[in-house]
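Trainee: Below you will find the structure I want to go over with you.
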Amino acid sequence: MEQNLSEKERKQRLLGGLIFETLALTALLRSNTSLAIVLGVAGLGLVFNYFTCFCGTKKAIKSLKSRLR
0 MEQNLSEKER
10 KQRLLGGLIF
20 ETLALTALLR
30 SNTSLAIVLG
40 VAGLGLVFNY
50 FTCFCGTKKA
60 IKSLKSRLR
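The sequence shown finishes on residue 68 if you use numbering that gives the first Met the number 0, and the numbering steps up by one all the way, no holes.
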């Protein structure tokens, strides 16, 4: 399934993930491990989504095929 996310939305998810990871590190340093785990998992999910979003894959493949012909 193709996700229709713009580059701006992807960058917002990356920024949100980095913010969550920073907050998780802060919570971990303050010995609040349960909060650190929750924030860490949420942050990793957003960062992972940024790098694995296949936005526009079908369009890019069609464009590449037409250029190769």
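Don't be surprised by glycine CBs; every beta carbon is placed ideally from N, CA and C.
Within this structure, are the beta carbons of A35 and L43 separated by less than 7 Å?
Mentor: Translated into the one-based positions of the sequence shown, residue 35 becomes position 36. Translated into the one-based positions of the sequence shown, residue 43 becomes position 44. Their beta carbons are not under 7 Å apart, which means A35 does not touch L43 by this criterion.
Trainee: Between L38, G15, K61, which lies nearest to L24 when the distance is taken from Cα to Cα?
Mentor: Along the sequence shown, read from residue 1 onward, the residue named residue 24 stands at position 25. Closest option to L24, Cα to Cα, is L38.
Trainee: Under 7 Å, do G16 and V40 count as touching if we go by C-beta distance?
Mentor: As a first step, residue 16 is located in the sequence shown; it is residue number 17 there, counting from the start. As a first step, residue 40 is located in the sequence shown; it is residue number 41 there, counting from the start. No.
Trainee: Does DSSP put R71 in a helix, a strand or coil?
Mentor: Summary: the structure shown does not reach residue 71, with the chain confined to residues 0 through 68, and so no result is reported for it.
Trainee: R68 by DSSP, collapsed to three states: which one?
Mentor: Taking the sequence shown and counting its residues from 1, the one referred to as residue 68 is at position 69. DSSP places R68 in coil when its eight states are reduced to three.
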